[in-house]
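A.B. asks: Remember, this note's numbering sits 7 above the position in the sequence shown when you count from 1. Even for Gly, the Cβ is constructed at its ideal location relative to N, Cα and C.
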Amino acid sequence: MNLVMKLKYAGNKFHYFVVGAEIIANRLLRREFIEVENRQISIEISSICNLKCRFCAYEKKVVPKTIMSNEMFFDSVNQAANLGYDKFDLTPCTGDIFIDKHILEKLHFLDNHPKVSQFGFFTNLVIPSHDQLIQLMGFKKLSGMTVSIYGHDEKSFIGITKSNLTAYNRLISNLKMMLTHKTPSFPLSFGWRSTGDVPKKDSSELMELLGKFKKAGVYVNFPHGIFNNWGGLVSQDDVADLNMKIISGDMKYKFGACIKLFGSIQITASGVVNACSCRDVNSTLRIGDIKTTPLSNIISSENKDYMRIIKEQQAGKFMSICNDCDFYRSIYHKPSYYRRDKIPAQTLSQFISNLKNNRS
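Laid out in structure tokens, this is it:
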């Protein structure tokens, strides 16, 4: 590991002890922090991806790789909206939304829906055509698009994604096209994910383009070569010949239910409703299926599967995907942005009570 990676890794270890102490104290004092006004839900339009990134669990998933039909998508949005959800995250657990040939029809549906306030997503920007990107500029409710950039030049892009020069050139072409629209109608940002070998100076066309976006005021994070383990599905062996570090699941102190269970529910492309949209690529935290059960009966205090998962985590019993996950955040941890943004929080019992009230 280089110096930046070592400092980042050391910071993660320090965070483990600080947050761990806070979690223990808050649990003893019975202080829980579940966001009150979380009206966001995730819908996975596509569980198919055009890339096979080495640090991603895409190739490890065993559930069907599919695309959600328009009919299922429209029904899912309507059911979620009727339950009070007005913000929609379309980022797949593993996949890219532009794999779907009907993606613009789905986005237009969201943009014109009277109960939808906003929607956003991640994409690797390799698939969309210039015409599709131009059409994105016209959506009123698109709250943000984050472009995941893999590698820092042609060689590292291909090495990380297991892709080819054609895909790399398509990315470069789309970046150039978007650079001509420096002030799109929606917030644009870049999640730059590369190895620990990124040069300090722009040494490739890709880095030069990212530099121009940054100068134009677009947020571009700098890669540090450290990545999560996808709930134990990705190991150091998967990136053995790359200068990357995979963080183990024990880097997070696990005590109490994970906050993802309360604000990160996802309707997957197959219709399975999963209690976490974060890293559970095989939907082991499934709490229902929208093809057979109304969403109001799934996101419910009367759903035994949903309540069981919460109770098990409160008792310290985590499924393997959660036990090894480094994206875990305890309900006994109060993030700094809760205080900064004055986000109202509720206890677990209040959350369950509100679920009952919403159903009634």
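1) Going by DSSP, which residues form a beta bridge with N281?
2) Could you give the DSSP three-state label for R346: helix, strand or coil?
3) For T4, count the other beta carbons within 10 Å of its own beta carbon; 16 or more makes it buried, fewer makes it exposed. Which is it?
4) From V227 to W199, what distance separates their C-alpha atoms?
5) Tell me whether the beta-carbon of L97 lies closer than 8 angstroms to the beta-carbon of I50.
6) On the DSSP letters alone, give me the boundaries of the beta strand (DSSP E) that D96 sits inside.
7) Helix, strand or coil for G239 per DSSP?
8) In its own chain, which residues sit with a C-beta less than 8 angstroms from the C-beta of A352, not counting the 5 before and 5 after it?
9) So, for D93: in the same chain, excluding its five sequence neighbours on each side, which residues have a beta-carbon less than 7 angstroms away from its beta-carbon?
10) Can you tell me whether DSSP reads A28 as helix, strand or coil?
11) Helix, strand or coil for T173 per DSSP?
12) Alpha carbon to alpha carbon, what distance is there between N364 and A32?
13) Near T406, what residues of its chain come up, given a Cβ to Cβ distance below 6 angstroms and the 5 sequence neighbours on each side ignored?
14) With a floor of 3 residues, list each beta strand (DSSP E) that falls wholly inside the segment 89-123, ordered by position along the chain.
15) Take every Cβ of the segment 218-226, pair it with every Cβ of the segment 168-179, and state whether three or more of those distances are shorter than 8 angstroms.
16) Only counting the same chain, and skipping five residues up and downstream in sequence, which positions put a Cβ closer than 7 angstroms to that of D296?
17) Per DSSP, which one or two residues make a beta bridge with L149?
18) Where does the unbroken alpha helix (DSSP H) through R315 begin, and where does it stop?
19) Which residues mark the beginning and the end of the beta strand (DSSP E) in which I373 is found?
20) Would Q273 be called buried (16 or more neighbouring beta carbons within 10 Å of its own) or exposed?
21) What separation, rounded to the nearest whole angstrom, lies between the Cα atoms of K267 and C329?
C.D. replies: From the atom records:
1) Reading the sequence shown from its first residue, position 274 is the one you call residue 281. DSSP lists Q273 and R293 as partners of N281.
2) As a working note, residue 346 is residue 339 in the sequence shown. Helix at R346.
3) The question about residue 4 has no answer, for the chain in this structure spans 8 to 367.
4) Here the question's residue 227 lines up with position 220 in the sequence shown. Here the question's residue 199 lines up with position 192 in the sequence shown. In a straight line, the C-alpha of V227 is about 7 angstroms away from that of W199.
5) The residue given as residue 97 occupies position 90 in the sequence shown. The residue given as residue 50 occupies position 43 in the sequence shown. The answer is yes: Cβ separation under 8 angstroms.
6) On the sequence shown, position 89 is the one that residue 96 refers to. Run containing D96: K94 to D96, per the beta strand (DSSP E) assignment.
7) Taking the first residue of the sequence shown as position 1, residue 239 is located at position 232. Coil.
8) The residue you call residue 352 lines up with position 345 of the sequence shown. Once the five neighbours on either side are set aside, the close Cβ partners of A352 are E39, F40, I41, E42, V43, K341 and Y345.
9) Along the sequence shown, read from residue 1 onward, the residue named residue 93 stands at position 86. Closer than 7 angstroms at the Cβ level, and outside the excluded window around D93, lie R46, K122, V123 and S124.
10) Position 21 of the sequence shown, counted from the first residue, corresponds to residue 28. In the structure shown, A28 sits in a helix (DSSP, three-state: H, G or I).
11) Here the question's residue 173 lines up with position 166 in the sequence shown. Looking at T173 - three-state DSSP - the assignment turns out to be helix.
12) Numbered from its first residue, the sequence shown carries residue 32 at position 25. Numbered from its first residue, the sequence shown carries residue 364 at position 357. Their Cα atoms are separated by approximately 30 angstroms.
13) For residue 406 there is no data in the structure shown, the boundaries of the chain being 8 and 367.
14) 94-96
15) no
16) Translated into the one-based positions of the sequence shown, residue 296 becomes position 289. Excluding residues within five positions, the ones whose Cβ falls inside 7 angstroms are G278, V279 and V280.
17) The sequence position of residue 149 within the sequence shown is 142, counting from 1. In the DSSP output, where bridge partners are listed per residue, L149 has F126.
18) Locating residue 315 in the sequence shown gives position 308, where the first residue counts as 1. That run of the alpha helix (DSSP H) goes K311 to Q321.
19) Residue 373 lies beyond the range of the chain shown here (8 to 367); nothing can be said about it.
20) Along the sequence shown, one-based indexing puts residue 273 at 266. Flag for Q273 reads buried.
21) In the sequence shown, the residue the question calls residue 267 occupies position 260. In the sequence shown, the residue the question calls residue 329 occupies position 322. Each residue's alpha carbon lies about 10 angstroms from the other.
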